[in-house]
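Okay, so the sequence shown: first residue is 0 according to numbering that gives the first Met the number 0, each after it adds one.
Where a beta carbon is used, it is the ideal one built from N, C-alpha and C, also for glycine.
A short worksheet on the structure shown next.
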Amino acid sequence: MSMFKVSLICSLLLVVFGAARGFLGRGDAFRRKVSVELNPGLAPPLSLPPGVGLVHLRGLGDNDTLHFVLCNAGAPALLLVHSNSTRSAVTVDWPEFINSSSAGSLRVEPESSITYSSALVFTRLWEYDDVNNTADPQKAAESSFYPPYELQNFIWSELNTTLNQSEHTVVLCGGEKTQSFSNGSLCLQVSVFESQGRDEAWPSLLHNANSSQLRVWINGVTPRGNNSRFILEFQSVGDAGFQSRVDMRSSIDDEYTPSIFKVSEWVSSPVNSSSVWGFSQWKPVAYRKARPVFEDATACRHSELVFVNGTPPSAVIQAYFTHNTRIYGLNISFGLAEDPVFYDATKYISWTVLMGLGDPPSDSFSPLIIIIITVGLVTPLVFIILGGVFVCVRKRTSQSTAYEPIN
Ligand SMILES: *[C@@H]1O[C@H](CO)[C@@H](O)[C@H](O)[C@H]1NC(C)=O
Ligand SMILES: *[C@@H]1O[C@H](CO)[C@@H](O)[C@H](O)[C@H]1NC(C)=O
Ligand SMILES: *[C@@H]1O[C@H](CO)[C@@H](O)[C@H](O)[C@H]1NC(C)=O
Ligand SMILES: *[C@@H]1O[C@H](CO)[C@@H](O)[C@H](O)[C@H]1NC(C)=O
Ligand SMILES: *[C@@H]1O[C@H](CO)[C@@H](O)[C@H](O)[C@H]1NC(C)=O
Ligand SMILES: *[C@@H]1O[C@H](CO)[C@@H](O)[C@H](O)[C@H]1NC(C)=O
Ligand SMILES: *[C@@H]1O[C@H](CO)[C@@H](O)[C@H](O)[C@H]1NC(C)=O
Ligand SMILES: *[C@@H]1O[C@H](CO)[C@@H](O)[C@H](O)[C@H]1NC(C)=O
Ligand SMILES: *[C@@H]1O[C@H](CO)[C@@H](O)[C@H](O)[C@H]1NC(C)=O
Ligand SMILES: *[C@@H]1O[C@H](CO)[C@@H](O)[C@H](O)[C@H]1NC(C)=O
Ligand SMILES: *[C@@H]1O[C@H](CO)[C@@H](O)[C@H](O)[C@H]1NC(C)=O
């Protein structure tokens with residue numbers, strides 16, 4: 000009998016839970032077949048300079064293909080090209096690409112199948128001495144900025160050793176031959192996904208098969224000031240018919256990224272239209288340790304978008320975009336005002352951004368939150384109903400007793 004009750008309660012809970020999940024949780028079953036290739040079509044005697052490589056990450060859908068190309072010839076860049084054909088391919092004219100990266104030396108063919116292209120380029124790493132501890136580069140005196148590190152001049156480790164075919168990831172680590180970078184590195188990890196999910200590591204952004212993730216970390220760099228903070232400068236390149244804006248949205252769920260309730264979205268839409276075709280998305284948080292605990296979280300803020308004239312110093316951008324482009328620049332600065340912990344404390348900062356096609360993924364209530372809400376709503380409701388019934392019964396019996404003396 001009691002077993003029956005337990006199973007009844009369980010199945011009731013499951014029904015409520017399932018309904019809530021169906022209503023709130025947009026389960027996404029969309030999948031792509033992902034493959035990774037280093038320097039497609041490059042054969043001896045041709046070769047790239049040491050440490051330079053081009054990685055093609057392909058996400059094959061039922062009726063389309065999403066191509067990602069990561070290249071560190073010049074400033075490191077990630078190019079996204081969506082094609083509505085399953086037979087599209089990335090072709091590189093290697094002699095041209097190596098010699099001058101002239102426009103058209105990297106193509107996605109057939110060209111008529113391309114529906115959307117965009118790219119992110121990491122251009123500079125800025126450092127400033129935050130003597131007033133505002134963590135706001137806008138408020139810092141110009142004299143407190145050090146000469147920036149130009150990422151196009153970095154020397155990178157070999158890509159073939161950091162390519163993980165099973166995880167669909169690749170890591171780029173580089174630095175300068177300077178005093179301050181002698182023990183340091185700037186690394187970029189790119190991941191491409193077959194289906195929806197989250198990384199275990201914070202900020203555990205929700206990704207899907209239409210997105211790739213870039214994690215950037217700056218490790219072991221000797222700061223040039225006593226109160227050094229860093230700024231990462233990057234640019235987006237898109238077709239001239241598209242415009243960008245950065246929105247800050249509230250996020251409902253902080254179970255995956257503790258204490259962060261906001262998400263920033265840099266979206267691209269056709270001029271005169273509000274429909275979103277591509278995005279970059281991040282949470283305004285950075286971490287001061289490779290394996291962070293709660294206290295290692297710090298803030299990041301983004302600057303205003305600015306128009307940029309001239310093509311970024313990246314071979315893959317110069318080689319791919321033959322048509323008119325629109326280029327925006329953005330700075331992400333790390334650190335929290337009044338926070339006495341500067342870069343020096345841990346000599347580490349990491350930040351993660353998602354780049355993809357279509358609308359940015361949005362957090363829905365997680366199973367844990369749904370259970371909490373369900374329990375939180377249902378329990379008082381039960382008490383209210385029980386209370387109502389009790390009051391009714393009491394009223395009836397007291398009323399009937401109240402009439403009794405008339406007899
Ligand atoms: C792919 O195309 C076929 C035929 O045009 C269509 O039936 C199918 O729904 C499409 N699949 C997706 C995932 O769009
Ligand atoms: C390399 O490019 C230059 C111009 O940028 C051109 O003059 C030269 O012929 C090219 N060399 C080869 C081998 O293609
Ligand atoms: C693929 O995209 C091109 C360019 O947007 C378009 O002209 C073509 O009709 C599309 N083909 C299919 C099968 O959707
Ligand atoms: C510190 O703040 C003061 C007052 O706002 C400002 O005049 C000064 O330039 C700041 N110093 C630096 C190095 O940013
Ligand atoms: C990676 O490339 C370098 C230089 O091209 C080569 O010396 C090395 O053996 C390669 N390593 C692997 C694991 O393929
Ligand atoms: C790829 O990553 C997985 C999981 O992190 C690891 O087990 C595997 O050894 C990696 N493979 C290579 C070739 O590094
Ligand atoms: C690099 O690390 C070594 C060993 O930890 C240390 O002796 C040296 O001072 C460091 N160099 C810089 C520029 O911090
Ligand atoms: C991913 O892109 C494909 C093709 O444009 C689209 O059919 C699908 O709905 C998208 N999935 C998500 C989760 O945005
Ligand atoms: C950093 O602080 C030390 C000791 O407080 C001081 O001697 C040094 O001049 C400061 N360096 C800079 C660049 O301000
Ligand atoms: C956008 O709209 C403006 C005015 O409404 C018009 O002048 C312009 O040509 C339009 N641009 C495009 C690309 O449609
Ligand atoms: C980034 O910050 C540096 C230093 O303040 C500034 O010179 C540069 O113009 C900024 N870049 C963008 C894209 O805002």
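With a threshold of 7 Å, establish whether the CB of residue 64 neighbours any heavy atom of ligand 5.
-> As a first step, residue 64 must be located in the sequence shown, where it is residue number 65. For ligand 5, not one heavy atom lies less than 7 Å from the Cβ of residue 64.
I think residue 187 touches residue 215, with their Cβ atoms under 8 Å apart; what is that distance to the nearest whole Å?
-> Numbered from 1 along the sequence shown, position 188 holds the residue referred to as residue 187. Numbered from 1 along the sequence shown, position 216 holds the residue referred to as residue 215. The Cβ separation is near 6 Å, so the contact holds.
Excluding five sequence neighbours on each side, which residues of the same chain lie with their C-beta closer than 8 Å to the C-beta of residue 179?
-> As a first step, residue 179 must be located in the sequence shown, where it is residue number 180. Closer than 8 Å at Cβ, skipping near neighbours: 220, 221, 222 and 223.
Report yes or no: is there a C-beta of chain C within less than 8 Å of the C-beta of residue 91?
-> The structure shown has no chain C; it contains just one protein chain.
Could you pull out every residue in the same chain whose Cβ sits closer than 7 Å to the Cβ of residue 232, ignoring the five residues on either side in sequence?
-> Working through the sequence shown from its first residue, we reach residue 232 at position 233. Only 122, 123, 125, 328 and 330 meet the Cβ criterion.
Determine the DSSP secondary structure at residue 387, reduced to helix, strand or coil.
-> By 1-based counting over the sequence shown, the position of residue 387 is 388. Looking at residue 387 - three-state DSSP - the assignment turns out to be helix.
Give a yes or no on whether the C-beta atoms belonging to residue 52 and residue 156 are separated by under 8 Å.
-> As a working note, residue 52 is residue 53 in the sequence shown. As a working note, residue 156 is residue 157 in the sequence shown. The answer is no: Cβ separation not under 8 Å.
Hey, quick one: how far does the beta strand (DSSP E) through residue 246 stretch, first residue to last?
-> On the sequence shown, residue 246 is found 247 positions in, with the first residue counted as 1. Run containing residue 246: 241-249, per the beta strand (DSSP E) assignment.
8 Å contact criterion, which residue 136 and residue 349 should meet: CB distance rounded = Here the question's residue 136 lines up with position 137 in the sequence shown. Here the question's residue 349 lines up with position 350 in the sequence shown. Not a contact, Cβ separation roughly 19 Å.
Might you give, ordered along the chain, the residues of its own chain that have their beta carbon closer than 6 Å to the beta carbon of residue 102, omitting 5 neighbours on each side?
-> For the purposes of this step, residue 102 is taken as residue 103 along the sequence shown, with counting starting at 1. Only 321 meet the Cβ criterion.
Run the proximity test for residue 302: is its beta-carbon closer than 7 Å to any non-hydrogen atom belonging to ligand 11?
-> Mapped onto the sequence shown, residue 302 falls at position 303. Yes.
Three or more C-beta pairs closer than 8 Å, one from the region 344-359 and one from the region 90-110: is that the case here?
-> no
Kindly list the residues whose CB is nearer than 6 Å to the CB of residue 83, restricted to its own chain and excluding five residues on each side of it in sequence; keep chain order.
-> On the sequence shown, position 84 is the one that residue 83 refers to. Taken in chain order, the residues that qualify are 63, 112 and 114.
Can you tell me the Cβ-Cβ gap for residue 249 and residue 260, rounded? I've got them flagged as a contact below 8 Å.
-> Taking the sequence shown and counting its residues from 1, one reaches residue 249 at position 250. Taking the sequence shown and counting its residues from 1, one reaches residue 260 at position 261. Rounded, the Cβ-Cβ distance is 6 Å, consistent with contact.
Return yes when at least one heavy atom of ligand 4 lies under 7 Å from the C-beta of residue 134, else no.
-> On the sequence shown, residue 134 is found 135 positions in, with the first residue counted as 1. Incorrect: residue 134 has no Cβ contact closer than 7 Å to ligand 4.
Inter-residue Cα distance where the pair is residue 395 and residue 377 = For the purposes of this step, residue 395 is identified with residue 396 of the sequence shown, where counting begins at 1. For the purposes of this step, residue 377 is identified with residue 378 of the sequence shown, where counting begins at 1. Distance between the alpha carbons of residue 395 and residue 377 is about 27 Å.
Exposed unless 16 or more other CB atoms sit within 10 angstroms - verdict on residue 270 | Taking the sequence shown and counting its residues from 1, the one referred to as residue 270 is at position 271. With fewer than 16 other Cβ atoms within 10 Å, it is exposed.
How big is the Cα-Cα spacing for residue 209 and residue 355?
-> As a working note, residue 209 is residue 210 in the sequence shown. As a working note, residue 355 is residue 356 in the sequence shown. Approximately 6 Å, taken between the alpha carbons.
Hey, out of 272, 236 and 277, whose CA is closest to residue 306's CA?
-> In the sequence shown, residue 306 corresponds to position 307, counting from 1. Of 272, 236 and 277, the residue nearest in Cα terms is 236.
Consider the C-beta atom of residue 181 and the heavy atoms of ligand 7; say whether any pair is separated by less than 7 Å.
-> Residue mapping note: residue 181 aligns to position 182 of the sequence shown, counting from 1. Flag set: Cβ of residue 181 near ligand 7.
Just checking my contact of residue 488 with residue 212 at CB under 8 Å: how many whole Å lie between their CB atoms?
-> In the structure as shown, the chain begins at 0 and stops at 406. Residue 488 is therefore absent and cannot be evaluated.
Is it a yes or a no for the region 282-302 touching the region 25-37, going by three-plus beta-carbon pairs under 8 Å?
-> no
Under 8 Å, do residue 408 and residue 181 count as touching if we go by C-beta distance?
-> With the chain running from 0 to 406 in the structure shown, residue 408 is simply not present.
Report whether the distance from the Cβ of residue 356 to the nearest heavy atom of ligand 8 is below 7 Å.
-> As a first step, residue 356 is located in the sequence shown; it is residue number 357 there, counting from the start. True, at least one ligand heavy atom lies under 7 Å from that Cβ.
Residue 110 to residue 165, Cα distance in whole Å?
-> Looking up residue 110 in the sequence shown gives position 111. Looking up residue 165 in the sequence shown gives position 166. Each residue's alpha carbon lies about 30 Å from the other.
Between 128, 276 and 73, which lies nearest to residue 47 when the distance is taken from Cα to Cα?
-> The count along the sequence shown starts at 1 and reaches residue 47 at position 48. Ranking 128, 276 and 73 by Cα distance to residue 47 puts 73 first.
In or out: residue 313 buried (at least 16 other Cβ within 10 Å) or exposed?
-> Counting from one through the sequence shown, the residue named residue 313 turns up at place 314. Counting Cβ neighbours within 10 Å, residue 313 comes out buried, since at least 16 surround it.
Alpha carbon to alpha carbon, how far is residue 392 from residue 371?
-> Translated into positions along the sequence shown, residue 392 becomes position 393. Translated into positions along the sequence shown, residue 371 becomes position 372. Those two C-alpha atoms are separated by around 32 Å.
Could you name the residues of the same chain whose beta carbon sits closer than 7 Å to that of residue 191, not counting the 5 residues immediately before and after it, in chain order?
-> Along the sequence shown, one-based indexing puts residue 191 at 192. Once the five neighbours on either side are set aside, the close Cβ partners of residue 191 are 33, 56, 58, 67, 167 and 211.
Cβ-based burial, residue 384 [other Cβ within 10 Å; buried from 16] | The residue you call residue 384 lines up with position 385 of the sequence shown. Result: exposed.
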